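Input: a single structure, listed below in structure tokens.
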Amino acid sequence: MLIWGFKTIFRTLSGGVFHCPQCGGDRQYHLKQARRWFTLFFIPIFPYKQQGTHVECATCGGTFHDTVLQGATSAQISAQLAQGMRALAVAVVRVTGLPSTAARTAAAGAVAEAGVAGYTVAQLDADLAGAPVDLPPILVPLGDQLQPQGREWLLSRAAMIAAADGGIGSAERALLDQVGGLLQMTPAHVTGVVETAQRNVPRG
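As structure tokens, then:
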């Protein structure tokens, strides 16, 4: 009869919320570390060898490399999308020079739709009075994290703001091209999204 051996025991180091690749949404996780123990009569006596760490989903039980924690959660992406749309709306309205009521209304609506509840034209005007926002630090991470549909949505709303006063000028189009590049979209993709957005702008 074998009275001694080794057993792997897992210890929880920390926990929190992460985006579970297996569940496809935000879930609670446990960061666990494995360690081999020497056992006598199946009882752990002393630690033998420390092994690696892994992330375990509290819902599905799936285990992942701890680099999965570097990814943004759905809630974080939603907040970044709202921030990105707000910065983008201000940039598009500002580049028009003398923004029309239609453009400002479209901008406020797009920001509210993105998740900034109750965002109004008055708040947009306050944002316009502030310092210009540097778009790359905001949009580049979104380009990494958003699915193609999310990138298209962001660019299309910007294009609809630009076209709300009757058309897209050269300065506005240059900005839209820049935005598409920051979102990792090809020039052809940008053109398609912008043209579709122009056709979808409500006409009074």
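Quick note on numbering: the sequence shown equals residues 1 to 204 in full-length UniProt numbering. Cβ coordinates follow ideal geometry from the N, Cα and C atoms, glycine included. If you're wondering where the values come from, they're calculated on a predicted model, not measured in any experiment.
Worksheet item: A107: which of P137, D165, S170 sits nearest, CA to CA?
Response: Of the candidates P137, D165, S170, the one whose C-alpha sits nearest the C-alpha of A107 is D165.
Practice prompt. Can you give me the start and stop residues for the beta strand (DSSP E) that V17 sits inside?
Written response: 4–20 is the extent of the beta strand (DSSP E) around V17.
Worksheet item: chain B beta carbons: is any one of them nearer than 7 Å to that of H54?
Response: In the structure shown, chain B cannot be found, because there is only a single protein chain.
Worksheet item: In terms of alpha-carbon separation, which member of G150, L142, A197 lies closest to I168?
Response: The residue among G150, L142, A197 with its C-alpha nearest the C-alpha of I168 is A197.
Worksheet item: Is the region 119–134 touching the region 58–76, taking contact as three or more C-beta pairs under 8 Å?
Response: Judged by Cβ distances under 8 Å, the region 119–134 makes no contact with the region 58–76, as fewer than three pairs qualify.
Item to complete: Taking 7 Å as the cut-off, decide whether the C-beta atoms of A103 and V93 are in contact.
Response: Yes.
Worksheet entry | Inter-residue CB distance, F6 and T39 (contact presumed, cutoff 8 Å) | Between T39 and F6 the Cβ distance is about 6 Å, and since that is below 8 Å, they are a contact.
Fill in: Proximity winner among H19, S14, F42, relative to H30 (alpha-carbon distances)
Selection H19, S14, F42 evaluated against H30 yields S14 as nearest (Cα-Cα).
Discussion item. Our contact map puts G150 next to L81 with C-beta atoms below 8 Å; I'd like the distance itself, whole angstroms only.
Written reply: The pair is a contact, with the Cβ atoms about 7 Å apart (cut-off 8 Å).
Item to complete: Determine, using beta carbons only, whether G84 and L139 come nearer to each other than 7 Å.
Response: Yes; because the gap between Cβ atoms is below 7 Å, this pair is in contact.
Fill in: Inter-residue Cα distance where the pair is V17 and G97
Rounded to whole angstroms, V17 to G97 spans 43 Å at the Cα level.
Fill in: Length of the line joining the Cα atoms of V194 and L155
Going by the C-alpha atoms only, they are around 7 Å apart.
Discussion item. Short of 7 Å in beta carbon distance, which residues of its chain neighbour A75, apart from the five on each side in sequence? Order them along the chain.
Written reply: Cβ within range, chain order: D26.
Worksheet item: L154 lies in the alpha helix (DSSP H); which residues open and close that run?
Response: 148–163 is the extent of the alpha helix (DSSP H) around L154.
Worksheet item: Can you name, in chain order, every residue of its own chain whose Cβ lies under 6 Å from the Cβ of Q50, other than the five neighbours on each side?
Response: Closer than 6 Å at Cβ, skipping near neighbours: R35.
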